[in-house]
Amino acid sequence: MDAERPHICHLTVLNPAVHTRIFYKLARSQQALGWRVSIMGQDPAGQPYQQEGIEIVPLRPFHRLSLRRLLAPWRILWHCLWHRADAYVVHTPELLWVAWLLGLLQGSSWAYDVHEDYHLNMAHAPHYPAWLRRPAARLLRRYERWLAGRAAAVSYAEWCYDNILGVAAPKKFVLRNSFTPVAVQGQARLQPPPGPYLLYSGTLAPAWGIWEALALWEQLRRHRPLKMVVAGFSQHAALVKRMQQWVAERNLQADFFLFGGNSYLPYVEVLHLLRHAYASLALYQLTPFVKGKIPTKFYEALACQKPLIFTRDPFWEELNAKWKLGVAWTPRLGAERVLQQLDQWHAAGWRAGEEVYSWKTDEQQLGKMMELLR
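Number 1006 in our numbering belongs to position 26 of the sequence shown; there are no gaps in the numbering.
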């Protein structure tokens, strides 16, 4: 049966194999369209395994700045030469040359799924020397544009990325980081804490607002007994330790719950915690690589009918006017006012239409893209 179906393989370096976008959106939808799907990405398993009929080929987890990251594209190329697929999707710029070479050697088609504006990321990345950032970003953009033009298709995770690589229709698609319900084998096993709590989910990083989230919780709990749940992952053990020290210094351990931290948390668990939360926190720092985006947690909060406390930004306030996201926050907005707006949101019972947040619309675009890869 599998031999009769076309085989598509997702290739990524830094992302976990069972990734929110790669596994739960793209791979599952492609499987439903009749493809045999495999994913090669970071995973602690020692051997390939099947999850929901999708093959996971694990890369042992490694840090962003490591020798193993430099070697990963070569390891991926070697695997793909021995385990040929009919089509590939690459999820990071450093694998573009791998997909292009596989296309030359195997006659396979390939697509580039653009998660981020990597030019902007590199131009502002604090972990690279300041003198290197902009020249490296310019080289990266030229490299991306040249190879993206040779792909069968390019998909973007955000509308604001639509023209960054100069790829025109019909090869260009926008597949948002919208919400798809998770129906997996087994159920969530985490037990949410009793009583109302705020939820910070996703990447644990300063730019994603982890410190602002903790500071806001500290302010709000002076007026209401709210707990804090952090559900996410960081590659930096020092950040997780510093966060736990912050909590301990304020003697808040009894009301603080960390899930994940130094290990990936299954997506089904994150959604389970969100469905029981009082509010979700999205206090992003408005860096150039964040502005204009609609983060995944916006769609998740809409789908799970939970208010969002988000950094005040003109674009996000426009969305709030249409979608009733929740509370636009600035440091000048007092704790009592935040709680008052949250109470008003809950009392109003806001419900967004499914067309606003659902992956179904994007899934139709994915179907059109897959026709270019056959």
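All C-beta atoms, glycine included, are put in the ideal place defined by N, C-alpha and C.
Please identify the residue among the options whose C-alpha is closest to the C-alpha of residue i.
i, options, result
"residue 1434", "1105, 1076, 984 and 1185", "With the chain represented from 981 up to 1354, any question about residue 1434 goes unanswered, as that position is not in the structure."
"residue 1074", "1065, 1309, 1094 and 1318", "1094"
"residue 1011", "1210, 1204, 989 and 997", "989"
"residue 1178", "1241, 1281 and 1147", "1281"
"residue 1350", "994, 1145, 1013 and 1005", "1013"
"residue 1172", "1249, 1081 and 1269", "1249"
"residue 1232", "1254, 1218, 1220 and 1207", "1207"
"residue 1235", "1227, 1316 and 1273", "1227"
"residue 1137", "1050, 1352 and 1339", "1339"
"residue 1191", "1224, 1115 and 1169", "1224"
"residue 1304", "1322, 1037 and 1275", "1322"
"residue 1020", "1005, 1043, 995 and 1042", "995"
"residue 1276", "1298, 1042, 1337 and 1025", "1337"
"residue 974", "1158, 1157 and 1135", "Here the chain comprises residues numbered 981 to 1354, so residue 974 is not present and cannot be evaluated."
"residue 1182", "1161, 1174, 1215 and 1302", "1215"
"residue 1059", "1039, 1319, 1189 and 1072", "1039"
"residue 1230", "1199, 1284 and 1117", "1199"
"residue 1347", "999, 1000, 1005 and 984", "1005"
"residue 1194", "1140, 1264 and 1002", "1264"
"residue 1269", "1189, 1099 and 1335", "1099"
"residue 1169", "1245, 1278, 1197 and 1161", "1245"
"residue 1266", "1310, 1298 and 1299", "1310"
"residue 1341", "1028, 1031 and 1157", "1157"
"residue 1325", "1259, 1050 and 1159", "1259"
"residue 1155", "1162, 1145, 1141 and 1161", "1141"
DSSP three-state label for residue i, please.
i, result
"residue 1140", "helix"
"residue 1207", "strand"
"residue 1129", "coil"
"residue 996", "strand"
"residue 1183", "strand"
"residue 1224", "helix"
"residue 1347", "helix"
"residue 1053", "helix"
"residue 1045", "coil"
"residue 1318", "helix"
"residue 1151", "coil"
"residue 1134", "strand"
"residue 1178", "strand"
"residue 1332", "coil"
"residue 1001", "helix"
"residue 1171", "coil"
"residue 1232", "coil"
"residue 1302", "helix"
"residue 1215", "coil"
"residue 1354", "coil"
"residue 963", "This structure leaves residue 963 out entirely; the chain is present only between 981 and 1354."
"residue 1145", "coil"
According to DSSP, which residues form a beta bridge with residue i?
i, result
"residue 1060", "None; residue 1060 has no bridge partner."
"residue 987", "1016"
"residue 1309", "1291"
"residue 1030", "1035"
"residue 1238", "1210"
"residue 1338", "1159"
"residue 1022", "996 and 1039"
- [ ] Report the residue ranges of all alpha helix (DSSP H) runs contained in full by the stretch 1062-1124; include only those spanning at least 4 residues, in chain order.
- [x] Runs of the alpha helix (DSSP H) inside the stretch 1062-1124: 1076-1086 and 1098-1103.
Open item on the list: Contact between the stretch 1118-1128 and the stretch 1283-1299 is defined here as three or more beta-carbon pairs at a separation below 8 angstroms; is this criterion met?
Closed with: The stretch 1118-1128 vs the stretch 1283-1299: no contact.
TODO: Please list the segments of the alpha helix (DSSP H) lying wholly inside the stretch 1240-1298, counting only runs of 4 or more residues, in order along the chain.
DONE: With a minimum length of 4 residues, the unbroken runs of alpha helix (DSSP H) contained wholly in the stretch 1240-1298 fall at 1247-1255 and 1276-1283.
Open item on the list: Is it the case that the stretch 1232-1251 contacts the stretch 1204-1221, given that we only count it when at least three CB pairs across the two stretches are under 8 angstroms?
Closed with: Taking a cut-off of 8 angstroms for Cβ pairs, the stretch 1204-1221 and the stretch 1232-1251 touch, as three or more such pairs fall below it.
Task: Cβ pair count under 8 angstroms reaching 3, the stretch 1126-1141 against the stretch 1149-1161 - done: Verdict: yes, contact present.
TODO: Check whether the stretch 1195-1207 touches the stretch 1311-1319, counting contact only when three or more Cβ pairs, one atom from each stretch, lie closer than 8 angstroms.
DONE: Enough Cβ pairs lie closer than 8 angstroms, so yes.
TODO: Could you tell me whether the stretch 1057-1068 touches the stretch 1084-1099, using the rule of 3 or more Cβ pairs below 8 angstroms?
DONE: Using a Cβ-Cβ distance cut-off of 8 angstroms, the stretch 1057-1068 and the stretch 1084-1099 are in contact, since at least three pairs of beta carbons, one from each stretch, lie closer than that value.
Open item on the list: Would the stretch 1094-1104 count as touching the stretch 1038-1057 if we require 3 or more Cβ pairs under 8 angstroms?
Closed with: Segment contact: the stretch 1094-1104 against the stretch 1038-1057, fewer than three CB-CB distances shorter than 8 angstroms; contact not assigned.
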